[in-house]
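This report concerns only the one structure given below.
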Amino acid sequence: MIQPRTPPGTLELLPRDQLAFQRMQQTIREGFERFGFLPVETPVFEYSDVLLTKSGGETEKQVYFLQSTGALKEGKAPELALRFDLTVPLARYVAQYENQLAFPFRRYQIQRVYRGERNQRGRYREFYQCDIDVVGKDTLPLAYDAEMPAVIAEVFRALDFGPFTIRINNRKLLNGLLRGAGADTPEKRAAALREIDKLEKAGEQKVRDGLTGPEIAMAPEAIDKLLGFMRVGKGDPAVVLAELAKLDVNDELFKQGVAELNTVIEQVGALGVPSGTVAIDLSIARGLDYYTGTIYETVLNDFPGIGSVCSGGRYDDLAGLYTKSKLPGVGLSIGLTRLFFQLQEAGKIKPVENPCAAYVTIVDPELGAECRAMATELRQAGLNVELAAEAGKLGKQLKYAEKVGIRFAVIYASQEKARGAVQLKDLRQNSQRDVPRTELAAAIKSTT
RNA sequence: GCGAUCAUAGCUCAACUGGCAGAGCACAGGACUGUGACUCCUGGGGUUACCGGUUCAAGCCCGGUUGGUCGCCCCA
């Protein structure tokens with residue numbers, strides 16, 4: 380026999396947990412639509428060259444390639460690959476349908492993506508991303524950078540997993556600062572950003588070591604200044620912005636970043652995002668290279684261990700490899716699979732009750748037709764109803780109904796027929812009573 | 001790609017220094033002649049991941065293989 384098992388890094392659920400998962404997904408979908416975003420789906424696999432353009436070395440190592448066995452035998456390079464995020468397919472999509480889309484193009488996309496990761500807790504190789512993005516033509520107002528946190532705030536409010544914090548930062552600000560601190564090439568700055576991103580997890584000393592290392596080689600005084608800066612640049616937006624205004628940094632990029640951050644924070648407030656849910660955090664950097672301005676990370680305050688459950692940012696020219704048009708965008712992605720898994724582990728996800736309201740049993744074979752008719756009546760009354768396939772032991776049928784979590788059992792056999800009623804049994808409350816057949820649906824509805 | 005750790009029934013785990021491979025849960029049947037969830041009884045289930053070695057004797061000791069898990073890198 381073959382061991383029944385799933386490859387590691389995949390999430391599979393029992394039906395009632397699956398319902399809970401889908402309910403979360405639905406809440407997210409409704410939140411996105413509340414802001415006027417429209418759905419899009421793209422294929423799970425794409426041409427390899429389309430997918431790999433912008434990825435860079437690290438991501439490419441994690442890409443699953445797809446190849447027919449025929450091509451494999453001929454030793455050909457794989458033509459297809461599984462998508463590893465939804466942003467790159469979006470770029471392709473926008474470039475491909477550019478002349479049919481209205482700009483700014485607002486879409487949401489909730490689909491699975493694939494990454495060849497090493498096994499690790501809460502890390503998946505197949506997982507859901509829930510993306511929203513706005514893509515502009517030539518330009519995209521900063522107002523959209525402010526809309527993103529507003530959408531996310533609404534979604535996480537509706538998901539109801541307690542308080543959360545949307546952390547905001549700006550790459551320009553960081554890059555300007557790093558440039559002033561001696562990271563004079565884009566490569567050095569990218570490496571420095573990755574170091575800074577570790578600040579919370581690894582601590583100051585580790586980051587200091589990384590920044591002094593051969594790759595970046597930043598001067599100790601510059602690092603002191605930078606880390607000091609990170610310390611004040613965290614928390615209440617008004618306070619951080621006031622601190623930033625006081626700083627005397629003579630760098631255009633830095634100043635532009637600060638100005639953008641000011642605008643975004645101001646507009647986020649105007650969009651009704653509760654104060655306290657948004658914070659500035661200059662230490663978040665996001666590993667992905669394509670972000671150029673605003674960047675976001677969201678954490679659940681009660682579950683700091685989960686890490687960022689939603690992140691994204693602004694990218695000036697993502698579709699540059701697919702079209703000559705300049706298409707700047709800003710977007711965010713919720714990592715639903717990990718979020719669900721971690722919350723479930725923390726006991727915050729309860730299996731959803733079986734939406735099937737009643738199980739119609741069949742005890743006497745000669746009354747089977749009437750039982751079947753009764754199930755149909757209940758369904759026509761708008762109830763979800765499961766029906767026994769054939770007459771059998773009542774105990775077995777009740778046990779089954781109990782196990783799948785159906786609350787009511789309907790029993791109609793010779794005794795009930797003699798009494799001229801139907802027995803309605805509440806398996807949860809351990810009670811039963813006779814109900815006229817015509818009032819059965821109403822009786823079930825009134826208790827649910 | 002690197003490191004650590006583990007592998008016994010469908011699941012969770014026992015088995016002393018190497019000495020007959022077990023329990024709970026789950027499943028099936030019964031106690032209960034139309035009544036689940038509680039209680040009691042009975043039952044099926046195993047090449048102890050795989051291959052080799054040491055030994056009178058290996059689940060246990062040694063070597064290898066495969067796989068899982070947890071970290072690093074990176075990320076949702």
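Just so we're on the same page, our numbering is the position in the first sequence counted from 1, plus 379.
Glycine included, each C-beta is placed from N, C-alpha and C at the ideal position.
Tell me whether the segment 685-692 and the segment 701-712 touch, counting them as touching only if at least three CB pairs, one residue from each stretch, are closer than 8 angstroms.
Touching, yes, given that three or more Cβ pairs across the two stretches are closer than 8 angstroms.
Name the DSSP beta bridge partners of D813, please?
DSSP links D813 through a beta bridge to Q802.
Going by alpha carbons, who is nearest to A532 out of I547, E477, L700?
A532 has its Cα closest to that of I547, out of I547, E477, L700.
Starting from R758 and walking both ways along the beta strand (DSSP E), at which residues does that stretch end?
Careful: R758 lies outside any beta strand (DSSP E), inside the alpha helix (DSSP H) at 747-759.
Roughly how many whole angstroms lie between the Cα atoms of F484 and N809?
Taking C-alpha positions only, F484 is separated from N809 by approximately 55 angstroms.
Under 9 angstroms between C-beta atoms of D630 and T671:
No. Outside cutoff.
What residue does the alpha helix (DSSP H) around S427 start on, and which one ends it?
That run of the alpha helix (DSSP H) goes 427-431.
Taking the CB atoms as reference points, tell me whether V419 and L706 lie closer together than 9 angstroms.
Pairing V419 with L706 gives a Cβ-Cβ distance that is not under 9 angstroms.
G515 versus E583 - alpha carbon distance:
Between the alpha carbons of G515 and E583 lies a gap of roughly 38 angstroms.
Alpha-carbon to alpha-carbon, G784 and K796
If you take the alpha carbons of K796 and G784, they lie about 27 angstroms apart.
DSSP three-state label for F463, please.
Reduced to three states, the DSSP call for F463 is coil.
Taking the alpha carbon of D813 as the reference point, which residue from R807, S825, Q794, K824 has its own alpha carbon closest?
Residue Q794 is the option with its Cα nearest to D813.
Quick one: measure Cβ to Cβ for R558 and L632, integer angstroms, because I've assumed they're closer than 8 angstroms.
The beta-carbon distance between R558 and L632, rounded to whole angstroms, is 7 angstroms. This is short enough to meet the 8 angstroms contact definition.
Could you check if I511 is buried or exposed, using at least 16 other CB atoms within 10 Å of its CB as the buried criterion?
Flag for I511 reads buried.
Pick helix, strand or coil for S434, following the three-state DSSP scheme.
Any reading at S434 must be qualified, since the residue scores a pLDDT of 48, below 50, and its modelled position is unreliable; the value itself is stated next. Coil, per DSSP.
Report yes if the CB atom of Y791 is closer than 9 angstroms to the CB atom of R758, and no otherwise.
No; because the gap between Cβ atoms is not below 9 angstroms, this pair is not in contact.
When the Cα atoms are used, what is the spatial distance from A800 to C735?
Computed Cα separation, rounded: 22 angstroms.
Put P520 into one of helix, strand or coil per three-state DSSP.
DSSP places P520 in coil when its eight states are reduced to three.
Along the beta strand (DSSP E) that carries V789, what are the first and last residues, could you check?
Where V789 is concerned, the enclosing beta strand (DSSP E) stretches over 787-790.
What residues in its chain sit with their C-beta under 8 angstroms from that of Q441, if we drop five residues either side in the sequence?
Same-chain partners within the cutoff: F463, R494, G495, E496.
I believe A770 touches D743 by the beta-carbon criterion, under 8 angstroms. Please report the beta-carbon distance rounded to the nearest angstrom.
Going by Cβ atoms, the distance from A770 to D743 rounds to 6 angstroms, so yes, they are a contact pair.
Just how far apart, CA to CA, sit I728 and K634?
In this structure, the alpha-carbon of I728 lies about 44 angstroms from that of K634.
Which listed residue (A649, R807, K452) has its alpha carbon closest to that of Y523:
The option with the nearest alpha carbon to Y523 is A649.
Alpha carbon to alpha carbon, what distance is there between G541 and F482?
Whole-angstrom Cα-Cα distance: 35 angstroms.
Alpha carbon to alpha carbon, how far is K613 from A638? Give it in angstroms, no decimals.
If you take the alpha carbons of A638 and K613, they lie about 17 angstroms apart.
Along the alpha helix (DSSP H) that carries T544, what are the first and last residues, could you check?
Where T544 is concerned, there is no enclosing alpha helix (DSSP H), although the beta strand (DSSP E) it sits in stretches over 543-549.
With E477 and T702 assumed to form a contact (beta carbons below 8 angstroms), what rounded beta-carbon distance in angstroms separates them?
Going by Cβ atoms, the distance from E477 to T702 rounds to 6 angstroms, so yes, they are a contact pair.
Less than 8 angstroms between C-beta atoms, sequence neighbours within five positions excluded: which residues of the same chain meet that for G651?
Excluding residues within five positions, the ones whose Cβ falls inside 8 angstroms are A529.
With C-beta atoms as the reference, is Y507 less than 9 angstroms away from L715?
Yes; because the gap between Cβ atoms is below 9 angstroms, this pair is in contact.
I'd like to confirm the pairing. Which residues does DSSP put opposite R486 in its beta bridges?
Looking at the DSSP output, R486 sits in a beta bridge with L417, D512.
Between the C-alpha atoms of G726 and Q499, what's the straight-line distance to the nearest angstrom?
Between the C-alpha atoms of G726 and Q499 there is a straight-line separation of about 20 angstroms.
According to DSSP, is R693 part of a helix, a strand, or is it coil?
Strand, per DSSP.
Report the three-state DSSP secondary structure of F682 (helix, strand or coil).
Coil, per DSSP.
Once the 5 residues before and after N733 are set aside, which same chain residues still bring their CB inside 7 angstroms of it?
R395, V783, G784, I785, listed in sequence order.
Would you identify the three-state DSSP class for V764, choosing helix, strand or coil?
DSSP places V764 in strand when its eight states are reduced to three.
Reference P616; option with closest CA among A399, Q490, N641:
Of the listed residues, the one whose Cα sits closest to P616 is N641.
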